[in-house]
Amino acid sequence: MRMTSTLLALAGLILSTSALTGLAEAKVTVLGWPGGSEETALRATAEAYNAQPGLAEGDKVELIFFNRDGFFDKLQADMAAGSDAFDVNLVATYSIGRYAPYMDTIDLGPEAAKTYGDAVLKTMQFEGKQYGVPTDLSLHFMYYRKDLIDALMKDDAAKAKYAEISEKFLGKKLEPKDPDSWTWDDWAATALYFSKQVNPASPTRYGTVLQMKNLLFNMMVFQSLPRSYGADWMDKEGKITVDSPAYRTGLELYKKLYDAGASPKDSLSYEYAETNAAFGAGQAATALQWNAAAGDLTSAEKSPAVAEVTAMVAPPAGPKGRADHIHGLGLGLNKAAKNKEGATKFLKWLATENAALTYAKAGGSPALSPEVVAKIAADRPDLVKLGDFAGKYGYVMTGATSAKALSVYELQAKEFTGYWSGQQSLDEALKKTETGMADLLKK
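Throughout the sequence shown, residue numbering follows mature numbering (1 follows the signal peptide of the UniProt record, and there is no 0), covering -21 to -1, 1 to 422 in sequence.
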């Protein structure tokens, strides 16, 4: 979600006590993401793998971890130097292109598709080739206040006001709907209705909380709107297609809501934490937010004002249906690995149903197929929506796994925020974005 070729000189490397004492015997060394649920889940899964009856000593795995600070830069420097300090390394959807030259592709076998589904496997692909096993996935939910929506749909006077507001701001009379049937216009009308600046009788101050800060991750939240209108970064010939009706529609809708007061005026400095705080305090009726927020926003301890009345659906639909940005963390094969055979065996096992369930039970967040997630639904209900939405609506923009993907997101954040804040026109923002992307993504 911010080096030298030998293990002993690897800068920033942190080894557990058990890793230090057992390193001499380890035959497959796995570099994982440090801290949080990802490390906890990987440790439990590696333990289960090593405990398999009959597993040769040379095929057992040992885990190592870098510091989080500068992790991806350190990883790239080490891999570029041809380090063989690890056989298996962490990889992320938006950074695969940086590491692909130093990694081997891998055939995970037919069970991988049954475990995860094609859309999720694509989060670990670059130029059509598989580079890793998708261990953890991130996407977005549309969070909403079900108590407010239920009350609105039962009140004829409120519905009349809703229609009046939607006609004034969106040019058409709309009726309140079940959020699971929302289009983006339905969401916008709802956000406007529940904003005191538009509707003084609103029970909430704001209808939504937009993440508009000049921050690359905010572009991942935003882009599902234009994507549902058919947007992509580039076409099959490699031409940048960001200056499109789809992107214009999305950018204009965000600005319309912001200018109307449907989102806080300081939304231009908002990201994940501020959105959680505003929605969790009961200040907003809806929020397009990362799935990771579900635990906090439905926790009576952390969000007592809204926990019992918060519900989640996939992002609204556009003319091309629903779309939900997905990216993941995963594990892949270092081209300089000492033990490629053992590493490949571990990665193929990690892509099986049993391994994925072990990882999920230990707190990881894999996006699993409906058949697989059903087996853990009672213990991890959040994974049901994660897998369902990823399989049905998940996408990765063309070029979003390239070496310059993060730079593209940074460029978009700068130019789009400039438009939303009124510092430049929409034409200027899209022209600068298109020109910059063409330079960043050229082959």
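Beta carbons: idealized from backbone N, C-alpha and C, even for Gly.
Measuring alpha carbon to alpha carbon, tell me which residue in the options is nearest residue i.
i	options	result
residue 79	344, 108, 269 and 242	108
residue 312	103, 34 and 248	103
residue 249	50, 229, 169 and 392	392
residue 10	336, 252 and 54	54
residue 316	84, 74 and 45	84
residue 130	358, 156 and 31	156
residue 110	23, 28 and 330	330
residue 430	164, 251 and 386	Only positions -21 to 422 of the chain appear in this structure, which leaves residue 430 out of reach.
residue 71	419, 404, 375 and 422	375
residue 397	194, 87 and 31	194
residue 75	63, 51 and 93	51
residue 113	368, 357, 347 and 379	347
residue 204	344, 370 and 231	231
residue 127	142, 364, 387 and 262	262
residue 229	364, 239, 208 and 238	208
Look up residue i in the DSSP assignment and say whether it is helix, strand or coil.
i	result
residue 40	strand
residue 266	strand
residue 158	helix
residue 8	strand
residue 128	helix
residue 379	coil
residue 301	strand
Which same chain residues, not among the five before or five after residue i, have their C-beta less than 6 Å away from its C-beta?
i	result
residue 121	267, 292 and 294
What are the start and end residues of the beta strand (DSSP E) that includes residue i?
i	result
residue 311	306 to 313
residue 197	Where residue 197 is concerned, there is no enclosing beta strand (DSSP E), although the alpha helix (DSSP H) it sits in stretches over 195 to 201.
residue 326	Run containing residue 326: none in the beta strand (DSSP E); it sits in the alpha helix (DSSP H), 319 to 329.
residue 291	289 to 292
residue 349	Per DSSP, residue 349 belongs to no beta strand (DSSP E); it is in the alpha helix (DSSP H), 349 to 352.
residue 115	112 to 117
residue 69	67 to 71
Quick one: residues in its chain with C-beta nearer than 7 Å to the C-beta of residue i, no 5 flanking neighbours on either side, listed in chain order?
i	result
residue 221	212, 409, 412, 413 and 416
residue 282	259, 275 and 276
residue 242	185, 187, 188, 189 and 236
residue 21	11 and 42
residue 14	47
residue 2	For residue 2, the pLDDT reaches just 43, beneath the cut-off of 50, and the residue's location in the model is therefore unreliable, leaving the point undetermined.
Is there at least one Cβ from chain C nearer than 8 Å to residue i's Cβ?
i	result
residue 185	In the displayed structure, chain C is absent; only one protein chain is listed.
Which residue marks the beginning of the alpha helix (DSSP H) containing residue i, and which one marks its end?
i	result
residue 398	384 to 399
With burial defined as no fewer than 16 other Cβ atoms inside 10 Å of the residue's Cβ, what is the status of residue i: buried or exposed?
i	result
residue 180	exposed
residue 89	exposed
residue 420	buried
residue 401	exposed
residue 174	buried
residue 5	Confidence is the limiting factor: at residue 5 the pLDDT is only 49, short of 50, which leaves the residue's position unreliable, though a coordinate-based value still follows. Label assigned to residue 5: buried.
Beta-carbon within less than 8 Å of residue i's beta-carbon, same chain only, minus the 5 sequence neighbours each way: which residues are those?
i	result
residue 422	217
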